[in-house]
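Comments concern the structure below.
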Amino acid sequence: MSPRYDNDNLQQPEAEEDEENLNAYELESLDSLDFGNEDATMIPDVESNNTNHEANHFSENQNKSTMRMAFMNMANSILGAGIIGLPFAFRNCGLLAGIVMLVVLTVLIDWTLRLIIINNKLSSQKSYHDTVEFCFGKTGRMVILLAQGLFAYGGSMAFCVIIGDSIPHVLRSFFAKFVESSKFIDVLLSRNVVIIGFTIGIAYPLSMNRDISKLAKASMFALIGMLVIVAIVTIRGPIVSSTVKVNFTTSDIIMKSSIFQGISVISFALVCHHNTTFIYDSMKNPTLDRFTKLTHISCFISMLACAVMGLAGFLSFKDKTKGNILNNFPSDDFAVNIARFFFGLNMLTTLPLEIFVVREIVKEILLPEGKVEGTNKKIVLSDRAHFIITSLLVFSSMSVSLFTCNLGAILELIGATSASLMAYILPPLCYAKMIGAEKSTMQKLPAYSCAAFGFLVMGFSTIQTISGAIHGTDASHCVID
């Protein structure tokens, strides 16, 4: 039996309305279901706090994100490591198909991001995984927690690998004479030492933040860095590619049989659904109207950045385009080394966002009750538990990058399955289940179609990833020419 929302404040408007999008009346009604701010309690030592609630509310409001800060967090979450693979996605899709799929997937991502918040309000739940549990029970909750956790944790490991494949290379290029003349400098600028130093010195302290809004300044820096990378690839690509022999066939222009591999890469680049509720909760005066505006702006700008990067890289190197477009450039290219350095620093500031998500999911798994028994107080980790869990997550992610520079098929598989579940499958299925008999089958068709598309992408992407791993097509993934 489909769950129904029975809040008196949520009244249905008269029939015969256009149901394709929520109208202003429905937005207002849904906003009336906004969950109240609950008191937080420390675990394992539950502490009572008799501080005036108005003072607490004022203090919390001071820590909330403005629209600009929230945009920085959302855009940075989208424009992470995935954007560097957009030229490769266009190579797999074909030029025209790549452009079409980028637009289509951006529209789907925009819709399902907003659908997550709408679903939260319809179910009167606070988080994405609580809503999935409301719709599909404990099994659904575990599926979404694992999907979110694997996506974010896999991203954390990938970011550490990227740090090791970018920053050390740049530093050794800048200080080449010292590296050649001094064994100490050679060791100091080695891959593993740089990974440890930069992760512990920058990413680790940022990951200790409990408040995601405090990462906005770091997100702004990361966005600026990513724009620098896009600009450098756009300018230097045509110059460098003139010395490389490339081919451009009809299928490269229209559509290729490997299109689902391209869709998987684009999806990985755009998906930020595991951060959605955190970003929404971090906003000052969060409403559906404000979040809708935030989502539209973030997705549109991210799509433009992805399009510029994808087209500039693919049109420059065509069939020679690599998974990391920066690997198509010579190792002694000064401008590209700047891009590599910014890319590495971008990963240092994006990593804390992923750790924030994984830490929250670990808390949900360890403390599934969510609230202190007999009270309405929300459970939060004690300082000690917060420190231990954060440290374990950061250092375990970092340790993987110390032993390999190519996570290969494993991370691709995690990205494909997790991204499809979080973005294309669960949000529309939850929405279709909650509206139940209120909508006709035809009115629920977009939701079912989106979910079917998600299963299709998941299946084909998984098969192609496993096939690529078996045939060793990604063996030179981490090599910089």
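Following this note's numbering, the numbering of the sequence shown begins with 1 at its first residue and continues without gaps.
Ideal Cβ positions, reconstructed from N, Cα and C, are used throughout, including at glycine.
Ile-266 beta carbon less than 8 Å from that of Met-434: no
Please report the straight-line C-alpha distance between Ala-419 and Ser-65, rounded to a whole angstrom. Roughly 26 Å separates the two Cα atoms.
Below 6 Å CB to CB, which residues in the same chain sit around Leu-146 once its five sequence neighbours on both sides are set aside? none
Below 8 Å, can you find three or more Cβ-Cβ pairs linking the stretch 162 to 171 to the stretch 332 to 343? yes
Is any beta-carbon of chain B found at less than 8 Å from that of Arg-114? Here there is only one protein chain, and chain B is not present.
So, for Ile-43: in the same chain, excluding its five sequence neighbours on each side, which residues have a beta-carbon less than 8 Å away from its beta-carbon? Residue placement at Ile-43 cannot be trusted, given a pLDDT of 38 that sits under 50; what the coordinates show is reported in the next sentence. If we look at Ile-43 and ignore the five residues flanking it on each side, its Cβ neighbours are Leu-367, Ile-379, Val-380, Leu-381, Ser-382 and Ala-385.
Could you name the residues of the same chain whose beta carbon sits closer than 8 Å to that of Leu-108, not counting the 5 residues immediately before and after it, in chain order? Ala-423, Tyr-424, Cys-450 and Phe-453
Pair within 8 Å by beta-carbon distance, Lys-318 and Asn-209: Cβ distance not < 8 Å, so Lys-318 and Asn-209 don't count as in contact.
Inter-residue spacing [alpha-carbon to alpha-carbon] between Arg-236 and Gln-148: 36 Å
Gln-148: first and last residue of the uninterrupted alpha helix (DSSP H) it sits in: 128 to 174
Rounded separation between Ile-297 and Phe-178 - CA only: Rounded to whole angstroms, Ile-297 to Phe-178 spans 46 Å at the Cα level.
The stretch 114 to 126 in contact with the stretch 270 to 288 per 3-pair CB rule at 8 Å: Touching, per the Cβ criterion.
Give the single residue among Met-67, Arg-68 and Ala-75 whose Cα lies nearest to the Cα of Leu-353. Ala-75
Quick check: what's the CA-CA separation for Ala-81 versus Lys-322? The straight-line gap from Cα to Cα measures roughly 14 Å.
Would you mind giving the Cβ-Cβ distance between Met-226 and Ala-305, rounded to the nearest angstrom? I have them listed as a contact below 8 Å. 7 Å
Looking at C-alpha atoms only, which residue of Met-69, Met-157 and Leu-105 is the closest neighbour of Thr-404? Met-157
State the DSSP-derived secondary structure class of Ser-258, mapped to helix, strand or coil. coil
Residues of its chain near Thr-350, where Cβ-Cβ distance is below 7 Å and the 5 sequence neighbours each way are ignored: Asn-76, Gly-80, Phe-159 and Ala-222
Taking the alpha-carbon of Leu-96 as reference, which of Ile-254, Phe-134 and Ser-207 has the nearest alpha-carbon? Ile-254
DSSP-derived helix/strand/coil call for Met-283: strand
Just reading off the alpha helix (DSSP H) that Asp-211 is part of, what are its end residues? Per DSSP, Asp-211 lies in no alpha helix (DSSP H) and is assigned neither H nor E.
DSSP bridge partner residues for Ser-65 (one or two, in chain order): In the DSSP output, where bridge partners are listed per residue, Ser-65 has Met-283.
Candidates Gly-344, Ser-440 and Leu-429, of which the one nearest Val-170 by Cα: Measuring from the Cα of Val-170, the nearest candidate turns out to be Gly-344.
Is Leu-381 helix, strand or coil by DSSP? strand
By the DSSP assignment, the alpha helix (DSSP H) with Thr-349 in it spans what residues? 334 to 366
Might you give, ordered along the chain, the residues of its own chain that have their beta carbon closer than 7 Å to the beta carbon of Asn-56, omitting 5 neighbours on each side? Residue placement at Asn-56 is flagged as unreliable, the pLDDT there being 45, under the threshold of 50; the coordinate-derived value follows with that caveat. None.
For Leu-421, which residues in the same chain have their Cβ closer than 6 Å to its Cβ, ignoring the five residues on either side in sequence? Ala-147
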